[in-house]
Amino acid sequence: MDRRTRIAGQRRYIRQRAQDLLGRLAGMDDEELRWTIRVLADCLAPPQRANCLGPYDEHWPIEKRRRILARFIERYTRLALDTLGRAETADSGSLSALTDEDLQGMSLAEKWLRVADDPTGLRPDQLRREVARLFMCKSYDLFHDVGLSEAVVEYPAYHRVRDALEAQPDAVVAELVRAVVRQAERLKSRTPQDVEVALIRIREVISRKLGIVVPADRLFAGQMLRLPADHPERPEECSAPEPSRARWDMPGADLTTAFLVVADLMTQREVEQHLLPLRRQFRSIADAPGPELRALLTRIWALLGDRRLTDFAERYRSGRLVAEPKVAPEIWGLLPESEQLAMLVRDNRTMEVGQAARHLAKIFFSFQYEMLFDTGFHVGLLRSPRYQEVVRRLTACESGAEARRLAVLTETVTRQMLGLEAMAPEARRTRLQEIRTLIAATLDFPDDLTYPARREGRA
């Protein structure tokens with residue numbers, strides 16, 4: 204993906220995120236509200252943070268904080284777009300071409316090895332945050348984890364170290380950066396023990412300089428405790444409505460299934476930021492502690508907004524596009540078919556390869572028209588090894604002739620699925636089978652997959 208296309212995509216994402224957050228604001232529970240502010244505010248320099256939030260306190264009544272968040276989202280979005288504009292004009296290979304959100308989504312390994320080559324490439328406020336994030340890193344796996352820099356905002360130890368660094372003069376921060384750079388050779392090692400020895404030494408240097416001691420086993424204590432941590436609790440102000448039940452939290456829904464659902468709805472970047480850290484920490488999802496997994500799923504649902512497993516089919520019927528902004532159903536119904544098709548084709552081209560793969564796979568495994576819109580069926584389908592294998596196979600078609608064949612197939616299927624919605628109900632069954640047969644023939648699926656004796660999903 205070229206730089207201009209990537210930045211245009213980031214611009215769309217930032218604007219859409221603001222709309223999604225404002226749309227969900229009224230229904231946010233206390234923890235989601237606090238987490239949203241923390242994640243975004245950690246991408247700002249201290250003066251920007253102060254201008255956007257003022258003397259913000261997580262102990263304030265939730266409705267007061269809800270009003271603050273509404274204003275904050277608008278201000279933050281303007282700043283994020285301005286930052287992206289400046290990054291666009293910077294040298295593409297330089298650290299200055301990275302936005303604060305880019306840095307928040309990168310592994311410490313990638314960032315610090317670049318800082319070692321260019322210690323002044325980041326702004327002083329960015330270096331302070333990167334030093335604080337590094338303080339929170341206690342293992343080789345975390346050092347290479349793209350999700351750590353965002354995850355640390357949940358823990359009091361990070362805020363304590365970051366706030367202390369922001370009170371230090373630039374000379375002290377530069378000294379700490381040099382101390383990290385001196386460990387660069389160990390940090391580059393592919394031997395976990397070498398990296399972890401360097402991380403211990405770095406944390407000791409930061410501790411001595413700041414006068415802050417946090418044992419390694421306490422770095423991740425106190426998840427999402429209210430900040431500032433030394434604020435006296437006032438029960439009458441801190442009470443909040445009961446958190447709303449997550450959409451996956453229903454009788455009979457196990458956490459492993461919920462994990463499959465959110466993974467199927469996420470983009471690759473979102474998976475890398477939010478799910479890979481968990482996958483690296485535990486051998487399987489079944490090994491993850493229930494409370495930790497449940498809290499993670501709740502936060503991910505907040506990020507996903509109103510995405511549904513059936514969007515791949517509803518995009519044709521009611522304009523619920525997958526990668527482009529969704530169209531209101533009442534507006535979609537008024538659009539001429541040619542305009543609907545143009546929007547669907549644009550949606551196809553914006554999709555990541557994983558989204559495009561799931562779009563075709565879900566249509567293929569929907570043996571009857573009603574299954575296209577049956578959420579329960581598609582939850583069951585996620586447990587099917589055959590579905591997951593088809594998605595993996597299609598996702599591998601990222602370049603060359605296979606990618607072109609997949610793009611042509613997607614456009615053909617899109618035209619036919621849109622036409623299907625205009626047909627009489629009795630004709631849709633036959634057309635859907637024709638579309639499934641086309642997918643199977645183009646992708647060389649065996650007959651037992653196209654017409655299996657045992658159908659996938661809940662059917």
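Numbering (the numbering used here), first residue to last: 204 to 662.
Every residue, glycine too, gets a C-beta built ideally from N, C-alpha and C.
Which class does residue i belong to by DSSP, given the choice of helix, strand or coil?
{"i": "residue 634", "result": "helix"}
{"i": "residue 341", "result": "coil"}
{"i": "residue 478", "result": "coil"}
{"i": "residue 264", "result": "coil"}
{"i": "residue 452", "result": "Its pLDDT being 47, under 50, residue 452 is placed unreliably by the model, and the measurement read from it follows with that caveat. If DSSP states are grouped into helix, strand and coil, residue 452 belongs with coil."}
{"i": "residue 436", "result": "With a pLDDT of 38 at residue 436, under the threshold of 50, the predicted position of this residue should be treated as unreliable, though the coordinate-derived value follows. If DSSP states are grouped into helix, strand and coil, residue 436 belongs with coil."}
{"i": "residue 157", "result": "Because the chain is modelled from 204 through 662, residue 157 falls outside the range shown and cannot be assessed."}
{"i": "residue 530", "result": "coil"}
{"i": "residue 562", "result": "helix"}
{"i": "residue 536", "result": "coil"}
{"i": "residue 423", "result": "coil"}
{"i": "residue 209", "result": "helix"}
{"i": "residue 444", "result": "At residue 444 the pLDDT is 36, less than 50, meaning the model places this residue with poor confidence; the figure from the coordinates comes in the next sentence. Residue 444 falls in the coil class under three-state DSSP."}
{"i": "residue 376", "result": "helix"}
{"i": "residue 358", "result": "coil"}
{"i": "residue 647", "result": "coil"}
{"i": "residue 299", "result": "helix"}
{"i": "residue 293", "result": "coil"}
{"i": "residue 347", "result": "coil"}
{"i": "residue 582", "result": "helix"}
{"i": "residue 318", "result": "helix"}
{"i": "residue 430", "result": "coil"}
{"i": "residue 509", "result": "coil"}
{"i": "residue 625", "result": "coil"}
{"i": "residue 395", "result": "helix"}
{"i": "residue 330", "result": "helix"}
{"i": "residue 541", "result": "helix"}
{"i": "residue 470", "result": "coil"}
{"i": "residue 273", "result": "helix"}
{"i": "residue 462", "result": "helix"}
{"i": "residue 567", "result": "helix"}
List the whole-angstrom C-beta distance separating residue i from residue j, where the pair is believed to meet the contact cut-off of C-beta under 8 Å.
{"i": "residue 405", "j": "residue 383", "result": "6 Å"}
{"i": "residue 550", "j": "residue 527", "result": "5 Å"}
{"i": "residue 327", "j": "residue 373", "result": "5 Å"}
{"i": "residue 348", "j": "residue 480", "result": "5 Å"}
{"i": "residue 458", "j": "residue 362", "result": "Going by Cβ atoms, the distance from residue 458 to residue 362 rounds to 29 Å, so no, they are not a contact pair."}
Are the Cβ atoms of residue i and residue j separated by less than 8 Å?
{"i": "residue 414", "j": "residue 359", "result": "no"}
{"i": "residue 307", "j": "residue 353", "result": "yes"}
{"i": "residue 251", "j": "residue 224", "result": "no"}
{"i": "residue 624", "j": "residue 520", "result": "yes"}
With a cut-off of 8 Å, do at least 3 Cβ pairs link the stretch 585-597 to the stretch 526-544? no
Report yes or no: do three or more beta-carbon pairs, one from the stretch 560-580 and one from the stretch 635-655, lie closer than 8 Å? yes
Is it the case that the stretch 458-477 contacts the stretch 282-296, given that we only count it when at least three CB pairs across the two stretches are under 8 Å? no
Assess, as a yes-or-no matter, whether the stretch 619-631 is touched by the stretch 493-513 under the definition of 3 or more beta carbon pairs within less than 8 Å. no
With a threshold of 8 Å, are at least 3 pairs of Cβ atoms found where one atom belongs to the stretch 334-349 and the other to the stretch 221-240? no
Note down, one range per segment and in chain order, each alpha helix (DSSP H) of at least 4 residues found wholly within the stretch 234-258. Annotation note: the stretch 234-258 contains the following uninterrupted alpha helix (DSSP H) runs of length 4 or greater, listed N- to C-terminal: 249-256.
For the pair the stretch 231-251 and the stretch 209-218, tell me if three or more CB-CB distances fall below 8 Å. no
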